[in-house]
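Student: Once you've had a glance at the structure underneath, I'll fire off some questions.
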Amino acid sequence: MRAELRRLHETFGTTIVFVSHDQWEAMTLATTIAVMSAGTYAAGRYAG
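Structure below.
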């Protein structure tokens with residue numbers, strides 16, 4: 001699934017919102033990470 005999401009992003013150049021509780025998975029897919037706490041934005045940074 002990660003490969004397909006990456007392919008779609010590269011092909012169409014669109015923003016994809018991917019929700020995960022797995023930090024490793026989020027870091028391998030994302031260019032930007034947003035952390036939510038109690039349903040609100042808590043923090044964000046560029047993934048590296």
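The sequence shown runs contiguously to residue 48 in UniProt numbering.
C-beta: ideal position from N, C-alpha, C; glycine also.
#1: Would you mind working out which of V19, I33, A38 sits nearest G44, comparing C-alpha positions?
#2: What residue range does the beta strand (DSSP E) around T28 cover?
#3: What separation, rounded to the nearest whole angstrom, lies between the Cα atoms of A30 and I16?
#4: Who pairs with T32 in a beta bridge, going by DSSP?
#5: Whole angstroms are fine: how far does the CA of F12 sit from the CA of D22?
Tutor: So, to answer that:
#1: The count along the sequence shown starts at 1 and reaches residue 44 at position 44. Taking only the C-alpha atoms, the option nearest G44 is I33.
#2: Position 28 of the sequence shown, counted from the first residue, corresponds to residue 28. Per DSSP, T28 lies in no beta strand (DSSP E); the unbroken alpha helix (DSSP H) holding it starts and ends at 23-29.
#3: The count along the sequence shown starts at 1 and reaches residue 30 at position 30. The count along the sequence shown starts at 1 and reaches residue 16 at position 16. The alpha-carbon separation between A30 and I16 amounts to approximately 9 Å.
#4: By one-based count along the sequence shown, residue 32 stands at place 32. Residue pairing for T32: DSSP places it in a beta bridge opposite Y46.
#5: Reading the sequence shown from its first residue, position 22 is the one you call residue 22. Reading the sequence shown from its first residue, position 12 is the one you call residue 12. Straight-line Cα distance between these residues: approximately 25 Å.
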